[in-house]
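Residue numbers (my numbering): 2 to 312.
All residues carry an ideal CB built from backbone N, CA and C; glycine is no exception.
Quick caveat, the model's predicted, so the values are computed rather than measured.
Below is one structure; the comments refer to it alone.
Put into structure tokens, the structure is as follows:
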């Protein structure tokens, strides 16, 4: 049973099958900094406004970011300037030059391009002639958005998410479980393991002559539950880690409970059926469980063709 709580508490109060209650905080980890998320939100507002208000039946538009401002651009002013420019364009003339410069991409994008400044932002808009058959078709005028490098998720970022959420909610009257969905394709088990249990290190014992004689595999004190000051987050019994979970790959997404090794675990707090990782002295024991496909009763190969569009 899930019951939504107020904004000052975690996202959900979950009642497990045995009647035990835990708080669950859901987090999406995408590797982006707070500044990048803020910038994406600002640009999203601008893009939506352009798509909703620019009248451009004969052209798509490519947008490039030349300079980044500190304040949100004025969407209405940007569209007004772009609309005035669009209204002056001659489709036949531009199409001729466009086709002639098809081998010169840099020149092609500069044909009749317009730079617009707003609140420190500078955008360059380049028209792309549509085919005549598409003139009457409705659609978004922005055809090509700025391309940016992908964002990787590291164990440090996952660990920071755990600490941030634990500090955000302070002392609670029930245990807190953090469910993290790492949505970038390069995240794996080792990222989660390093985030919660610490980086893998080798301690080397040297002889009297200074030569190494024995190595011991261990974990550094840089995990979510243990640092150089001691144990942390004692009221968080485990973290639920999801890898690239989205509506169309529920049957394939990996999930695991990463158990806090520094507390006496109450078995009643565990979410049944899910796989879990249990630290045991110098190793990590993997306890198998059911996949999300088995838990939700999804058929093999789900979603089949056509089913993804129904999700």
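Between which two residues does the beta strand (DSSP E) holding residue i run?
i, result
"residue 116", "115-119"
"residue 16", "13-16"
How would you label residue i, buried or exposed, when you count the other beta carbons within 10 angstroms and need 16 or more for buried?
i, result
"residue 277", "buried"
"residue 187", "exposed"
"residue 220", "buried"
"residue 197", "buried"
"residue 192", "buried"
"residue 67", "exposed"
"residue 160", "buried"
"residue 225", "buried"
"residue 234", "buried"
"residue 217", "exposed"
Which partner residues does residue i have in the DSSP bridge list?
i, result
"residue 244", "183, 255"
"residue 201", "220"
"residue 228", "231"
"residue 286", "279"
"residue 126", "64, 115"
"residue 143", "62"
"residue 177", "24"
Can you tell me which of the options puts its alpha carbon nearest to the alpha carbon of residue i?
i, options, result
"residue 257", "302, 183, 220", "183"
"residue 69", "167, 172, 85, 36", "36"
"residue 137", "164, 80, 147, 60", "60"
"residue 294", "251, 274, 281", "251"
"residue 134", "58, 73, 79", "58"
"residue 175", "195, 15, 23", "23"
"residue 267", "279, 238, 255", "238"
Hey, could you find the ends of the alpha helix (DSSP H) residue i is sitting in?
i, result
"residue 292", "Careful: residue 292 lies outside any alpha helix (DSSP H) and carries neither H nor E."
"residue 90", "Segment: none, residue 90 is in no alpha helix (DSSP H) and carries neither H nor E."
"residue 161", "156-170"
Please determine whether the Cβ atom of residue i lies at a distance below 7 Å from any heavy atom of the ligand SAH.
i, result
"residue 172", "For the ligand SAH, the structure offers nothing, since it holds no ligand at all."
**Length-filtered (3 minimum) beta strand (DSSP E) runs lying within the segment 23-68** = Listed in chain order, the complete beta strand (DSSP E) runs (minimum 3 residues) inside the segment 23-68 are 60-68.
**Asked** Which runs of the beta strand (DSSP E) fall wholly inside the segment 247-282 and span at least 3 residues, in chain order?
**Response** Within the segment 247-282, the runs of beta strand (DSSP E) at least 3 residues long that lie entirely inside it are, in chain order, 255-260, 277-281.
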